[in-house]
Each structure stands twice: as structure tokens, then as C-alpha cells.
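Below is one structure, written out as C-alpha cells; comments come after it.
Number of protein chains: 2
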Amino acid sequence: MTITTVGLDADDTLWHNETIFRLTHGRFVDLLDEHGDRETIEARLAEVERRNLRLYGYGVKGFTLSMIETAMELCDGGAPPEVVREILAAGREMLAHPVETLPSVDETLAALAERYRLVLITKGDLLDQERKLAASGLGDLFAAVEIVSEKDSGTYTRVFDRHGTGSAEAVMAGNSMKSDVLPAIEAGAWAVHIPYVVTWAHELADAPEGHPRYGTLDTIADLPAWIAARADQA
Amino acid sequence: MTITTVGLDADDTLWHNETIFRLTHGRFVDLLDEHGDRETIEARLAEVERRNLRLYGYGVKGFTLSMIETAMELCDGGAPPEVVREILAAGREMLAHPVETLPSVDETLAALAERYRLVLITKGDLLDQERKLAASGLGDLFAAVEIVSEKDSGTYTRVFDRHGTGSAEAVMAGNSMKSDVLPAIEAGAWAVHIPYVVTWAHELADAPEGHPRYGTLDTIADLPAWIAARADQA
């Protein structure tokens, strides 16, 4: 087989993200601890997020709005001003949070960029994702950056046609089974799952175990060898 | 001269947008009328928006967060829950608002698409702009869609290189002097200002009067003739 193009997810694949969301979740739960236990608060927030996804899409701004809405629902008579102020501050802090790349990312991407066309494919708020890419120092390694509103098979077909030589010669690597692996395989690409320590509830899905174009790796450091091994089989 | 590519702004160029923001502004002022007169409230909201632009970027979600923050500042002791709920509802309604194309847009774009490559170039929330384009029914007329976090000269150079034959053979048309006209001209493209009935305060700028690649039109219906007349001069 020939691989010309490597698609890479950003959040929780190249740099920490969900941990920052979890920290904010923790702060949110503490803020509302008089109005419910952790499970109740988390469940309600997840429900509000799911309900709003169709309108807000992905990213910190929608998450902040969903936190405010959840607080309004959980507090008798609505959330007091200090709670809303705290949530606004938490959202702004997330948007200004330093970007910390995951172990081995810098050197692995540098190695991959010598052999393949790298395309960053990510969901989230446009400006926030651009900021994080700039702050990561990885921007120059990518031939293209696609910030998309949804990652379905059509997205991967379009992106790999536009920036590569089609899905059949592309590998997608990321931490989300639901967004990075399954739709990329459906589009005809290869897909590698690189789990992060935690996964957002909305990104969970079953692995396509045994699929010939699927792989799973503990670390991105093993990605170049994984691709090379498959190329050698051809 | 040769023109191969026509860039088009979306909000207030192809469909109504600022009027919907103004309606929401009105609703916001009414909501806070015990806490200040219209001018004070509007001035404070503009200040908060400007302060947040660096973190939130453009679009309805950031605007909603800025309204909540402004309400917190204007109300003694912070905004009461019913105000916050109203603002959240107003934001959601903006995101679900029907898309109404401006007069002559449909037939003009259809005519332009027969002769030029059309590229939609817009700021705002990713999902919201995609939703509006889909709802407008204009999506198939565009060879490419670029939802960007900022419209500066680098943006236009990149977009017209990627989707056309470079800035020198491209026309950008839009309602914002600051975002659509000035940076496009700086990038070496032609630019046509088509004013909308109202302009967001952050988009105001002086016209490049007398510039050889600049024009202004009352209606998008005159754009094909404007381009054709310049092409004839070559």
C-alpha cells in the first residue's frame, strides 16, 4: 500500500484538552455543591450539552453557555450572579490556557512530516483551535489545517481528496473512536486509535476490532513504524 | 484584466444578519432598562465585546457570552437569573433564526457562477455559518467555502491562491469596508463595497476613495456588470 497523507486530530491527540475540561467540570461541581451531588450535576451538564450541540457545535464557548444554562436549572430560582461570573471566568481561562503538547508529539510529527503530507483535522471553536495550533509551535509541520464542524465520513473524503491523494492513501490518527477512527475507516482511509487518559462522554464508541485498516497504539511515537509496517506489506 | 474568482462575504452581503443582532440588542436594552439608558447599555456592551474579541472571536456564541457579562456589570449585585435566562434564549434564537437572502442575491450568484469561481469568505461561528449557507440554498454555487477567524490581507492572499488564480485575478465583494474591502485591496485583489442598511460598530472604516481597484455598488445585482466593465478595459 501507499500512504501519502496523515490526518491528525488535535485535542487530546497532540496536546492536552479534556483534562482542562475536567478541571473546569470539577470547578463547576464545587460551585454548585449545595444544589446536588457530583453525579447529578455532571449528568445534567451532559444532558444540556447534548441538547445544545446542534446549535452550539463543539468548543469552549458553547461549553461555557451550557454550564450557565445548567446552573440556571440546578439552582432553585436560578443561579446567583456570583456563580454566573465564576463560570464566565472559567470559560475565559480555558480559552487562554497554555498549550502543552503530549509526550513524543514534537519529534514524531517532525519525522512524519518528512515522509507524508500532514493535515490537522479538528473540531472546536475556530479561533481557539488556531490559537492552540500557533501556541503549540507545530503549525509549520502541517500542509493543511481543517477546522470542521463535524467529523463524519464525508468530512474525511473531502479533506483527503482536497489535501492528499484520496482516503485510500491516507491514515487518520486520533484519540476519539467515534470522530477520528470510525468515520475515517468508513471513508476508506486507514485509522489509528491513540487513546488519551480520559474521553469525553460524547466521543465514546466501540472499536472496529479486526478491521484490516484499523490499529491502536499506546503512544503517537509508534505511529511512523505502524504506517511503515503496513506500507512494507504491499 | 482577467477575473477568474469572485470572493463573497456572507452576513449582510448575501443574507440579513446585522438586523437580527440589532433586534437582539433592542431586546437586551429593554431587559436592562432599569439599569441604564440605551446609550449607556449599548456602549458597555460594545466595550465588553471589544475586550472579548481576542478570546471569543466573531459570532453569536461570543456575543451571547458578552451580553451576559455586560448584564453582570450593569446590574447592581449582578444580573438576576431571569435576565441571564432571557439572554441565553435570545442567543439560541439567533442561532436558529431563518435565513433570508437579500434582494437579487439568488439570480446574481447564479449568473456569476457561470463565469467565475465563487468563494464564500466569512467570519463567525463555524457551525452557524455552515447552517446559514445550507439554509440559504446557495451552497452549490460556491466552488469553496472559507470560514475564517479574521479577514486580513494574508487571509485573502491565502484563499485566492488556494481556490483561484491569485489575488490579482480576484474580486472581493462585501458590506464591510474594514473586513471585505481594505484587506482585499491590500492583498492585490479588486474590491467592491456593497453597503448594508446598518453596519456593526467594529466594522466601520474609511473608503479607499479613488483607488483603481475599488468600487461601490448599491446592490449586488450590479456586480456582474461592474466586473465585466473592468474586464473590457483590459
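One line per chain: the protein sequences are U and Y, in this order.
The first sequence begins at 7 in this note's numbering and counts up one residue at a time.
The second sequence begins at 7 in this note's numbering and counts up one residue at a time.
We treat Cβ as the ideally placed atom computed from N, Cα and C, and that holds for glycine.
Uninterrupted beta strand (DSSP E) stretches at least 3 residues long and entirely within the segment 115–182 of chain U occur at 123–128, 150–153, 176–180, given in chain order.
Rounded to the nearest angstrom, the Cβ distance from Gly216 of chain Y to Val198 of chain Y is 15 Å, too far for a contact under 8 Å.
Excluding its 5 nearest sequence neighbours in each direction, Val90 of chain U has C-beta neighbours in its own chain below 8 Å: Ile74, Ala77, listed in chain order. Of the residues assessed, Ala211 of chain U falls on the exposed side of the cut-off, its CB having fewer than 16 other CB atoms within 10 angstroms. Burial state of Thr25 of chain U is exposed, judged by a 10 Å Cβ sphere holding fewer than 16 other Cβ atoms. Looking at the DSSP output, Asp17 of chain U sits in a beta bridge with U:Trp21. In the structure shown, Gly32 of chain Y adopts helical secondary structure according to DSSP, grouped into three states. Secondary structure at Trp206 of chain U: coil, using DSSP grouped into helix, strand and coil. In this structure, the CA atom of Glu192 of chain Y is about 9 Å from the CA atom of Thr163 of chain Y. Per DSSP, Gly221 of chain U is one residue of the beta strand (DSSP E) stretching across 220–222. Taking all protein chains in view, the Cβ of Gly160 of chain U is surrounded by fewer than 16 other Cβ atoms within 10 Å, so the residue is classified as exposed.
Sequence-distant partners of Ala85 of chain U (beyond 5 residues in either direction) whose C-beta falls short of 6 Å from its own C-beta, in its chain, are Ala77, Met78. Along the segment 116–134 of chain Y, going in chain order, the ones with a CB nearer than 8 Å to a CB of chain U are Asp131, Leu132, Leu133, Asp134. Between Leu126 of chain U and the set U:Ile153, U:Asn181, U:Lys157, U:Asp224, the nearest pair of CA atoms involves U:Ile153.
The continuous beta strand (DSSP E) containing Val198 of chain U extends over residues 196–199. Taking 8 Å as the upper bound for CB-CB distance, Leu133 of chain Y and Gly63 of chain U are in contact here, some 3 Å apart. Assignment of beta-bridge partners to Val12 of chain U by DSSP yields U:Leu124, U:Val177. Between the segment 38–53 of chain U and the segment 53–70 of chain Y there are fewer than three inter-stretch CB-CB distances shorter than 8 Å, so the stretches are not counted as touching. In this structure Ser142 of chain U touches Trp21 of chain U by the C-beta definition: roughly 6 Å separates them, less than 8 Å. A check of alpha carbon separations from His169 of chain Y across Y:Arg123, Y:Gly145, Y:Ile9 identifies Y:Arg123 as the nearest. For the segment 40–65 of chain Y, the set of positions with a beta-carbon nearer than 7 Å to some beta-carbon of chain U reads Leu61, Tyr62, Gly63 in chain order.
Distance between Pro104 of chain Y and Ala140 of chain Y, taken at the CA atoms: about 11 Å.
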